[in-house]
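Worksheet: the structure to be examined is printed underneath.
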Amino acid sequence: MRGRRDKLEQIKSLGINPYPYNFKRSHFSVEITQNTDDFLEKEVQVSGRLMSKRGHGKTSFAHIMDSKGRIQLYVRKDRISEQDFELFGLLDIGDIVGIKGEVFVTRTGETTVKAKSVELLSKTLRPLPIVKEKQEGDEKVVFDQFADKELRYRQRYVDLIVNPEVRDVFVTRSKVISKIRHFFDNLGFLEVETPVLQPIYGGASARPFVTHHNALDMELYLRVADELYLKRLIVGGYDGVYEISKDFRNEGMDRFHNPEFTMMEVYVAYQDYHYMMELVETMVSSIAKDIYGKTKITHQGREIDLTPPWKRVKLFDSIEEYTGENLYGKSLDELRKVAKDLHIETEDFWREGKIIDEIFSEKVEPNLIQPTFITDYPVELSPLAKRHRDDPKLVERFEPFIVGGEIGNAFSELNDPIDQRERFLAQQKLLELGDDEAQMLDNDYLRALEYGMPPTAGLGIGIDRLVMLFTDQPSIRDVLLFPHMRPEKNE
RNA sequence: GAGGGUAUAGCUCAGCUGGUAGAGCAGCGGCCUUUUAAGCCGUUGGCCGAAGGUUCGAAUCCUUCUACCCUCACCA
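Counting from 781, one number per residue, gives the positions in the first sequence under this note's numbering.
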């Protein structure tokens, strides 16, 4: 850093502003490198970050990188002004430059800009990690890759500069979200925004973050889900509403969980969960088609076939398939015994639903590699879902699973206000029994239901997990630009 | 919350059973007018994550702490 400050002073003493205001780029690097024939002998203006520099006395080669790729520069002392040549000598890797010059091809065949002028656009003071790569046949070998995960996550800006495949991940993330938006817009659904700060949290079983509103002197919760507000809007008369937003859950962190994460929820009036299954498989496969041109993708070495229709399996059938036990109608004691036989630990306050859910997560979930809808859950696990039309002990709910993980949750929404009140009261009891993830009673939501909500299908999709699937990333941190980290010590 | 692993130069890493810190790249000074992990010659750079302890002597052994990674637990 010392040397760079000295250079900064030298550059200033040449009468050059090291932080000028703009530069008129004529083309991106790849426009030129991919259409070299059209550009030969033509003058272009390119800009970007200096990524390598190979000096040869009175001449020099370098690469600059812009947002789309890299292009080589060739600087000759006899082709530019003395001051520009001196300036070029003072440039460091990482500096941002603008170059005017002519396109030509070197004798090794690389498209290159022969500089006529060199302009410094921003002087860097910190050295960039130097990553080098070499082409060995078809293989690209990378040397000294900037790979320390802590540094990469804490200094994502450096990660993005130096690791192009990381940039690609976030481009794909953006595409996925944009496709989802288009998908719903095309169906005529309305994108809405609902409160992040909520006096009563609900819509999911999770512990919330608590905050305080000074003027009102009251506790508020950061939302754990958008569900109850979105359904109020269905009561209000919209046919379809969706929201893509951050939710916050005060739970542990691992490669599938970040305290704040992106959720997409959609509610559609006059539909049920069968409709929603078709919507999910259509949406996910069409995203794959848009991004990869096909509905079969590879994730962590496994081929995943997203082509609809996806497999549909009832929850109890799936458990029987993998454990040989039919849990339907079993008493609490019987369930505890089964869990014990399967070496699954249970808590005292757990009821039937929770034990079934636990057995399912342990024994079935990891096996659900290809896309599968697990359907028809016990009613006490799903306080906001409508009872199954054929069996009041179950609800019309499904969760889509891919690569052993759930990526969403959906149901025919409960719109019977009396049943809903009873479900809330059952949750209250769980709260008292020590289940700190049980849901709060929301009187205003009940009032809304009393005004009447049409039959409605609802869905939540974890966007981060979907992006992990589409970008072939093993950890949620790799699809979040700034994953949550403990604060670092001050330098 | 539990267990395991990692922490050495700006980056990537060596450093054996304790003997006083090393390479490549980057940087700095030279040479070099088509190189591309450019090359050649020379050279700077370290509180060995933090604090304590054992020892004549600690990057190395011990303890505690911190951060990150992995697995599990919790959990969409």
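Glycine is no exception: its CB is placed at the ideal position from the N, C-alpha and C atoms.
No experiment lies behind these values; they were computed from the predicted model shown.
Residue pairing by DSSP puts S832 in a beta bridge opposite H843. Approximately 20 Å separates the beta-carbon atoms of V1060 and L1194; this is outside 8 Å, ruling out the contact.
The beta carbon of Q915 sits closer than 6 Å to none of the beta carbons in its chain outside the five residues before and after it. Distance from the Cα of K1026 is smallest, within the candidate group I1014, K1011 and D1006, for D1006. Note on D924: under 16 other CB atoms within 10 angstroms of its CB, so exposed under the neighbour-count rule. Of the candidates K804, M1265 and G795, the residue whose Cα lies closest to the Cα of R1035 is M1265. As the crow flies, the alpha-carbon of L870 is around 34 Å from that of E919. Of the candidates D948, Q790 and L1213, D948 places its Cα closest to the Cα of K848. Going by beta carbons, L1008 and G982 fall inside the 7 Å limit.
Contact between the segment 1200 to 1218 and the segment 1238 to 1253 is not established, with fewer than three Cβ pairs separated by less than 8 Å. When secondary structure is reduced to three states using DSSP, S1141 falls in the helix class. Counting along the chain, H1054 sits inside the alpha helix (DSSP H) bounded by residues Y1053 to Y1072. Along the length of the segment 1199 to 1246, whole alpha helix (DSSP H) runs at least 4 residues long occupy 1223 to 1230, reported in chain order. Counting the other CB atoms within 10 Å of its CB gives Y1157 a total of 16 or more, which places it among the buried residues.
Note that the segment 963 to 975 touches the segment 1013 to 1022; at least 3 beta-carbon pairs, one per stretch, sit closer than 8 Å. Around P1039, the same chain offers F989, F1028, R1029, N1030, E1031, M1033 and H1264 as residues with beta carbons nearer than 8 Å, after the five sequence neighbours per side are excluded.
Judged by beta-carbon spacing, L901 lies within the 7 Å limit of G878, meaning their Cβ atoms are closer than that value. Within a 10 Å sphere around the beta-carbon of Y1225 sit 16 or more other beta-carbons, which makes this residue buried. Under the Cβ criterion (8 Å, minimum of three pairs), the segment 935 to 944 counts as touching the segment 897 to 913. Look at the beta carbons and you see the segment 1121 to 1132 not touching the segment 1052 to 1069: under three pairs across the two are nearer than 8 Å. In the three-state DSSP reduction, L908 falls in the coil class, being neither helix nor strand.
Here the segment 1077 to 1095 does not lie against the segment 1109 to 1116, with fewer than 3 beta-carbon pairs under 8 Å apart. Rounded to the nearest angstrom, the gap between the Cα atoms of Y1072 and T816 is 27 Å. The Cβ-Cβ distance between L1002 and H993 does not fall below 7 Å.
Here Y1157 is bridged, per DSSP, to V1175.
Of the residues assessed, L1095 falls on the buried side of the cut-off, its CB having 16 or more other CB atoms within 10 angstroms.
Exclusion of the five residues before and after E1176 leaves Y1053, K1166, H1168, F1191 and S1192 as the residues of its chain whose Cβ lies within less than 6 Å of its Cβ. Take the alpha-carbon of V826 and the one of G783: they are about 27 Å apart.
Comparing alpha-carbon positions, the option among K894, F963 and E1186 lying closest to S1141 turns out to be E1186. Under the three-pair Cβ rule at 8 Å, the segment 841 to 859 does not count as touching the segment 788 to 802.
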